[in-house]
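To keep things clear, I will list the structure first and then write my remarks on it.
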Amino acid sequence: MKAWVLQNFGLDNLKMVDVPVPEPGDNEVLIRVSAVSLNYRDKLIVEGLYNPELQFPMTQVADTAGVVVQTGKNVSRFQTGDRVITHYATRWVDGPPTVDEVVHTLGNTIPGGLAEYLGMDENAVVHAPDYLTDDEAATLPVAALTAWHALKEKGRLVSGQTVLIQGTGGVSIFALQMAMAFGAKVIVTSSNDEKLERARNLGANKTINYVRVPDWHTEVLKMTEQQGVDHILEVAAGKSLRQSIEAIKPTGQISVIGILDGVLSEIPIFRLLQKQASIVGLVTGSRKMFENMNAELSKIKLHPILDSVYSFEDARKAYDRLYKGAFGKIVIRVAD
Ligand SMILES: NC(=O)c1ccc[n+]([C@@H]2O[C@H](COP(=O)([O-])OP(=O)(O)OC[C@H]3O[C@@H](n4cnc5c(N)ncnc54)[C@H](OP(=O)(O)O)[C@@H]3O)[C@@H](O)[C@H]2O)c1
0 MKAWVLQNFG LDNLKMVDVP VPEPGDNEVL IRVSAVSLNY RDKLIVEGLY
50 NPELQFPMTQ VADTAGVVVQ TGKNVSRFQT GDRVITHYAT RWVDGPPTVD
100 EVVHTLGNTI PGGLAEYLGM DENAVVHAPD YLTDDEAATL PVAALTAWHA
150 LKEKGRLVSG QTVLIQGTGG VSIFALQMAM AFGAKVIVTS SNDEKLERAR
200 NLGANKTINY VRVPDWHTEV LKMTEQQGVD HILEVAAGKS LRQSIEAIKP
250 TGQISVIGIL DGVLSEIPIF RLLQKQASIV GLVTGSRKMF ENMNAELSKI
300 KLHPILDSVY SFEDARKAYD RLYKGAFGKI VIRVAD
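Heads up: the sequence shown runs through residues 0 to 335, numbered per numbering that gives the first Met the number 0.
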């Protein structure tokens with residue numbers, strides 16, 4: 000079968016090669032891959048920043064949707080013909096995770112889905128929601144689940160609250176869609192006015208260009224009559240976290256998800272105490288959270304926003320798009 004494997008760090012070392020079709024073990028399903036979606040994390044993997052100890056060659060990409068074509072003899076959760084999606088933190092099923100449960104991921108410690116077939120432990124797979132296409136279903140495992148974990152599982156977001164969403168990438172646009180569906184008011188920041196207009200067209204109440212307005216926290220305070228927001232989706236960290244502490248409402252939650260502005264932050268502890276705010280670190284979610292989210296998405300019929308869809312042969316172009324910064328999700332269709 001064909002697979003895109005990383006042979007060394009650097010995008011020029013991502014190559015389409017022939018590899019054997021995986022033989023499913025007793026507890027595994029063999030998936031014929033339909034589509035995958037890219038995350039910022041796939042860029043970090045290519046650059047050697049996610050896992051400097053990565054073993055080469057490694058088939059790339061975590062988020063995968065497809066159809067079960069073969070089952071191992073102990074498999075009980077799936078049958079041949081089931082439409083499925085992979086779960087990111089492959090060993091985290093439910094409850095609080097151990098460190099090991101959140102680091103064992105596709106395209107990293109086990110082969111990813113950018114290939115014609117993928118073998119997966121049945122515990123690391125969920126049913127795809129019926130109302131979604133395979134392209135749409137492939138976008139859920141990392142970006143949607145992270146937004147859901149932050150806003151709903153940890154954040155307990157309720158109607159009438161205000162959410163600040165940073166940027167317009169995969170996690171952020173899912174967070175915008177979910178926050179609106181839960182009846183929250185949403186402020187979106189972006190470096191790009193066109194993307195801000197698209198965010199407003201999706202329903203964002205207010206927007207701020209964080210390049211033109213580097214002190215965006217003062218703008219957030221103005222927009223909320225100096226009250227601040229109930230929830231912040233912190234995808235930037237670095238210097239941004241200090242601004243988020245200024246922009247959060249007393250007892251609000253800052254969900255620290257990403258590192259787009261840096262991996263180290265200086266925190267004004269006195270302000271944090273005054274605000275009595277929570278700063279919560281998050282890694283995607285458990286399989287149970289994934290199933291909770293899919294049930295809710297199926298009720299509200301939320302359709303992911305696809306920035307672009309590339310063919311399997313054009314996977315390199317999809318990565319180029321990732322490097323530029325997409326609005327929503329980038330999909331690679333592996334098979335129709
Ligand atoms: N903890 C987890 O489990 C988890 C899960 C998913 C993602 N992440 C992390 O979350 C971050 C976003 O991931 P993603 O996959 O959604 O990325 P993505 O789709 O590639 O989106 C990146 C977007 O972030 C925005 N951005 C960049 N620098 C920013 C800054 N300083 N302030 C505000 N926004 C900024 C830009 O939006 P504009 O073009 O609109 O400016 C950019 O297009 C990454 O750091 C990723 O590693 C973590």
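Note that beta-carbon positions come from the ideal geometry of N, C-alpha and C, so glycine has one too.
- Around the beta carbon of E196, fewer than 16 other beta carbons lie within 10 angstroms, which makes this residue exposed.
- Nearest to A136 by C-alpha distance, out of K323, I278, E290, L321, is E290.
- Look at the beta carbons and you see the stretch 215-235 touching the stretch 246-259: at least three pairs across the two are nearer than 8 Å.
- At least 9 Å separates the beta-carbon of H148 from that of V124.
- Within the same chain, A61, Y87, A88, T89 come within 7 Å of T104 by CB-CB distance, once the 5 residues on both sides are set aside.
- Contact between T161 and K194 does not hold, since the beta-carbon distance rounds to 20 Å and is not under 8 Å.
- Between the beta-carbon of Q59 and that of V4 there is about 7 Å, and that keeps the pair under the 8 Å contact cut.
- One alpha carbon belongs to N107, the other to K221, and they sit about 43 Å apart.
- Here A114 is near M0, since their CB atoms are less than 9 Å apart.
- In the displayed model, D260 falls within coil according to three-state DSSP, outside both helix and strand.
- For R241, the enclosing alpha helix (DSSP H) begins and ends at 239-246.
- Under the Cβ criterion (8 Å, minimum of three pairs), the stretch 318-328 counts as touching the stretch 303-310.
- Taking 3 residues as the shortest admissible run, the stretch 183-239 contains the following complete beta strand (DSSP E) segments, listed from N- to C-terminal end: 184-189, 205-208, 228-233.
- Membership of A2 in the beta strand (DSSP E) is indicated by the continuous run 1-5.
- With a cutoff of 8 Å, S243 does not count as near ligand 1, since its C-beta is closer than that to no heavy atom of the ligand.
- The DSSP-derived three-state label of V255 is strand.
- Of the candidates R199, L10, P56, N191, P56 places its Cα closest to the Cα of D17.
- Judged by DSSP secondary structure, S277 falls within the beta strand (DSSP E) whose first and last residues are 277-280.
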